[in-house]
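Below is one structure, written out as structure tokens; the observations come after it.
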Amino acid sequence: MTETEEFTINVGPVHPSTHGVLRFVLRMDGETIKDTEMVLGQLHRGLEKIAESRSYLQFVPYTDRLDYISGMTNNYAYTKAVEDLAGITVPRRGEYLRVLVMELGRIVNHMLFTGTLFLDLAASTPIMYCFRDRHNILELFESLSGARITFNYIRPGGVRGDIPEGFIDKTRALLKELPSRIDEYAELLNDNEIVKMRLKGIGMLNPKDAINYGVTGPMLRGSGVSYDIRKDDPYSVYDELDFKVCTRNECDTYARYVVRMDEMRESLHIAEQALDAIERLQGPVSTPYFPRIFKPVRGESYSRIEAPKGELGFYIVSDGSEHPYRVKIRSPSFCNLIALPQMVKGLKISDLVAVFGIVDICLGDVDR
Amino acid sequence: MSTTDDVKNRFEEVVVETYTQNDGKEGMLIKKESLVDVCGFLYESGFDHLSMISGVDYVEWMEVVYHLWSYTRKENVVLKVKIDRSMPVVNSVTSVWRGADWMERETYDLLGITFDNHPDLRRILLPEGWIGYPLRKDYDLTIDQYVIIGEDGSDVVTTDASKLLRKEVLHDRN
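Here the protein sequences come in this chain order: A and B. Under the numbering used here, the letters of the first sequence match residues 1 to 368, in that order. Under the numbering used here, the letters of the second sequence match residues 369 to 542, in that order.
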């Protein structure tokens, strides 16, 4: 009989499937993962420290660099904390415009997620399809903000500017086209035997553990917990919109993947309603006056929103000066990643790629 | 009845003061000795989601802030403990929420607050050996610190720029 002994193996920090710079130190027994340790911080830029020396408005572009796949939601999460702090209300048309771009941002994120997940699983077609459609949404964003990734669009007091000419028609055409594209992905992937073999029954996380670990977003909803901040602790105008929370009870990676596919469809539904409202409502998209030297009152605020990856929160302490005294970022990627060791324990090393892909992290968001 | 009243009724003389955040969330400042008891009580009464742990340096003292959410009651509550800056120690709540693990490590890493009974309190974002705690208000920003690869392949923090692979001065401070 052959004797085996445990050994450690290093994955990353530069590895195709780590989506950035993350290092795993795995303790292996043959092909089986016994224990996972993660070494973070390769992309730590000290954003929380930078915030203390910037003005409230100057920090908005930095939030784009957090989770650089869905900049719009980052902008909004920070903006909302500032608005809560100072008691600013934004015109309703502005709020609908924010909801529209955030939901399109969620679709962008989930498309990139789908593409890269299957690329990690050695299927190179989905990423082509996803990037093709993601490009169309980014074009819209570009017409709004002038940028494709780092938008700096949603700001305290409103948004950067009103919609350009022809935006409504272009968006409507896109919203009409996208459902068939998402059906196309689903047709290719959801019932695919290989996909099922790779994803079903691995990366289990039961609802109790998921809650205790502080896992949020599609990860939590894939564990059967029907929780969405848009529904349960509504912000912006989400309480006026009709949508449902997508959940699956299987608790495995396949469930988490399908949740995201369903969410894309729900986001399209929300985006349509928001677009109707923008067309219907008259008036400005921003508060008429926002002071150039902005000094909110003393105090603190904590706002959390449903970012594509989970719960994104900003805690801001103000000392009454023009710089925030303290900004603390609760990033969904960081908080979801902590559950990974439990999810991959006892799996084969090839499953690590699948389970890690399903957590859907962005290293800019983990390391900040 | 509000959550603050529940805590006040359950524990005597634990709540030092109650306050409301600018966004309307109810908060309470509690004595740090009873933090774990209060957290355990809140967990039992439905606050099963620890949203965030943040540390704040107020120069004369430090604070650790816990934002909690209840999935069943759909309520927020904020807990705060005040700690001595010369001896920044507070009990770990990892026994209540496992998700607190990394958040406490991060607070330790960036603010130098030690969490007693934490299973594995190490730096998480910065490498071991980093000088100072960046989010403290008296952190010395004038020291340039570099991470180089040590003899055994591990990360080593140094202030000596001459050991860098890229030898030229990276930037001029003045």
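Backbone N, C-alpha and C define an ideal beta-carbon position, used for all residues, glycine too.
Separation of residue j from residue i, as counted between CA atoms
i	j	result
Val14 of chain A	Ile69 of chain A	19 Å
Glu431 of chain B	Gln273 of chain A	43 Å
Lys505 of chain B	Ile329 of chain A	18 Å
Gly357 of chain A	Gly203 of chain A	11 Å
Ile349 of chain A	Ile361 of chain A	19 Å
Lys196 of chain A	Cys246 of chain A	20 Å
Leu241 of chain A	Gly217 of chain A	19 Å
Ala186 of chain A	Val258 of chain A	9 Å
Gly369 of chain A	Thr2 of chain A	A question about residue 369 of chain A goes unanswered here, because the residues of chain A that appear run from 1 up to 368.
Tyr434 of chain B	Val449 of chain B	9 Å
Phe379 of chain B	Val225 of chain A	32 Å
Ser333 of chain A	Ser530 of chain B	36 Å
Glu37 of chain A	Leu363 of chain A	16 Å
Asn542 of chain B	Thr63 of chain A	For Asn542 of chain B, the predicted model reports a pLDDT of 44, less than 50, meaning its position is unreliable; a value from the coordinates is still stated below. So the alpha carbons of these two residues sit roughly 27 Å apart.
Asp373 of chain B	Val445 of chain B	12 Å
Pro291 of chain A	Gly161 of chain A	16 Å
Glu193 of chain A	Thr253 of chain A	15 Å
Asp209 of chain A	Phe415 of chain B	14 Å
Thr526 of chain B	Asp191 of chain A	53 Å
Leu40 of chain A	Lys49 of chain A	18 Å
Leu352 of chain A	Phe59 of chain A	36 Å
Val11 of chain A	Phe24 of chain A	5 Å
Cys335 of chain A	Asp67 of chain A	13 Å
Ile293 of chain A	Val285 of chain A	21 Å
Lys309 of chain A	Gly71 of chain A	12 Å
Coarse secondary structure for residue i, derived from DSSP in three states
i	result
Gly395 of chain B	strand
His435 of chain B	strand
Trp470 of chain B	helix
Asp262 of chain A	helix
Phe141 of chain A	helix
Leu532 of chain B	coil
Asn380 of chain A	Any question about residue 380 of chain A goes unanswered here, given that chain A covers just 1 to 368.
Leu418 of chain B	strand
Gly166 of chain A	coil
Lys49 of chain A	helix
Lys345 of chain A	coil
Pro16 of chain A	helix
Arg27 of chain A	strand
Asp512 of chain B	coil
Ala173 of chain A	helix
Chain A contact for residue i (CB, 8 Å cutoff)
i	result
Arg466 of chain B	yes
Asp520 of chain B	no
Ile516 of chain B	no
Trp470 of chain B	yes
Ser419 of chain B	yes
Lys450 of chain B	no
Val433 of chain B	yes
Val424 of chain B	yes
Pro495 of chain B	yes
Pro502 of chain B	yes
Tyr552 of chain B	Past the edges of chain B, shown from 369 to 542, lies residue 552 of chain B, and the structure says nothing about it.
Lys376 of chain B	no
Ile499 of chain B	no
Ile511 of chain B	no
Any chain B beta carbon closer than 8 Å to residue i
i	result
Leu40 of chain A	yes
Gly313 of chain A	yes
Lys170 of chain A	no
Lys348 of chain A	no
Ala354 of chain A	no
His19 of chain A	no
Glu322 of chain A	no
Phe334 of chain A	yes
Lys49 of chain A	yes
Val237 of chain A	no
Glu300 of chain A	yes
Heavy atom of the ligand GDP within 7 Å of residue i beta-carbon
i	result
Ile149 of chain A	Looking at this structure, you won't find the ligand GDP or any other ligand, since it has none at all.
Would you call the stretch 96 to 106 of chain A in contact with the stretch 69 to 81 of chain A, where contact means no fewer than 3 C-beta pairs closer than 8 Å? Yes, since at least three Cβ pairs between the stretch 96 to 106 of chain A and the stretch 69 to 81 of chain A fall closer than 8 Å, the two stretches touch.
Can you pull out the residues from the stretch 388 to 407 of chain B whose beta carbon lies closer than 7 Å to at least one beta carbon of chain E? Given the protein chain composition of this structure (A and B), no chain E is represented.
So within the stretch 186 to 258 of chain A, which uninterrupted alpha helix (DSSP H) runs reach at least 4 residues, ignoring any that extend past its ends? The qualifying runs are 193 to 199, 207 to 213, 218 to 221 and 229 to 232.
Pairing CB atoms from the stretch 302 to 312 of chain A with CB atoms from the stretch 75 to 95 of chain A, are three or more of them under 8 Å? Touching, yes, given that three or more Cβ pairs across the two stretches are closer than 8 Å.
Pairing CB atoms from the stretch 208 to 224 of chain A with CB atoms from the stretch 168 to 183 of chain A, are three or more of them under 8 Å? The stretch 208 to 224 of chain A is not in contact with the stretch 168 to 183 of chain A.
Which runs of the beta strand (DSSP E) at least 3 residues long sit entirely within the stretch 287 to 321 of chain A? Give them in chain order. The qualifying runs are 299 to 307 and 310 to 318.
Using 8 Å as the threshold, is the stretch 414 to 431 of chain B in touch with the stretch 312 to 326 of chain A, meaning 3 or more CB pairs across them? Three or more pairs of CB atoms, one per stretch, sit closer than 8 Å, so the stretch 414 to 431 of chain B contacts the stretch 312 to 326 of chain A.
Any 3 or more C-beta pairs closer than 8 Å across the stretch 438 to 446 of chain B and the stretch 488 to 498 of chain B: The stretch 438 to 446 of chain B vs the stretch 488 to 498 of chain B: no contact.
Are the stretch 105 to 123 of chain A and the stretch 256 to 271 of chain A in contact at 8 Å, needing three or more beta carbon pairs? Contact holds: three or more Cβ-Cβ distances are below 8 Å.
At 4 residues or longer, and completely inside the stretch 47 to 82 of chain A: list those alpha helix (DSSP H) runs for me, N to C. Here the runs fully enclosed are 47 to 51 and 60 to 64.
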